[in-house]
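Numbering (this note's numbering), first residue to last: -4 to 167. The beta-carbon is built from N, C-alpha and C at its ideal position, and this holds for glycine as well. The structure under discussion appears below in the form of structure tokens.
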């Protein structure tokens, strides 16, 4: 994959961003798919300890059919995503981040098109000895717009993920 991000302060409390990326996916040595993504965004510094980010992402995905996945091209299309993210530094020790995003996948075949609502939260805790404890969680609801072949109902998925990490920050 290749990623390029440009950020520019537009005004004292407003920063603009433009990200571009290209990704190639290979499976068993053969190209499985590729994607192109563009995501402009704005970050508003509300205070010295709080910022809000609004971002739009457009992703074009192309897939290749194979013996293992003969209908893989059915999934290709465009994905539009809007994300609203809030970052707060509560104290020198605690930081909080939470957000919401909405994805609309518009695939070549309707049964692969979907809408997804996603919420997330993260608590960062700075510990002694340059350690950072990170607690995070995400919940998403995914609703497909058509009935997949071999099924009799529209597929809905709910995913809840939590993670904890402990990081040692090395600095000179």
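Counting along the chain, the unbroken beta strand (DSSP E) around residue 160 starts and ends at 151 to 163.
Residue state for residue 4 is assigned as strand, using DSSP reduced to three classes. Contact between the region 34 to 46 and the region 61 to 71 is absent, with fewer than three C-beta pairs closer than 8 Å. Per DSSP, the unbroken beta strand (DSSP E) holding residue 35 starts and ends at 25 to 42. DSSP, read as helix, strand or coil, puts residue 68 in helix. Residue ranges of uninterrupted beta strand (DSSP E) with 3 or more members, entirely inside the region 85 to 150 and ordered along the chain, are 89 to 102, 109 to 122 and 126 to 139. The beta carbon of residue 84 lies closer than 6 Å to those of 44 and 90 in the same chain, with the five residues before and after it left out. In this structure, residue 98 lies near residue 74, with their beta-carbon atoms less than 7 Å apart.
Closest option to residue 34, judged by alpha-carbon separation, among 1, 22, 46 and 9: 1. In the DSSP assignment, the residues bridged to residue 81 are 47 and 93.
Note: residue -1 is bridge-paired with 15 in the DSSP secondary-structure output.
Going by C-alpha positions, residue 108 is about 39 Å away from residue 6.
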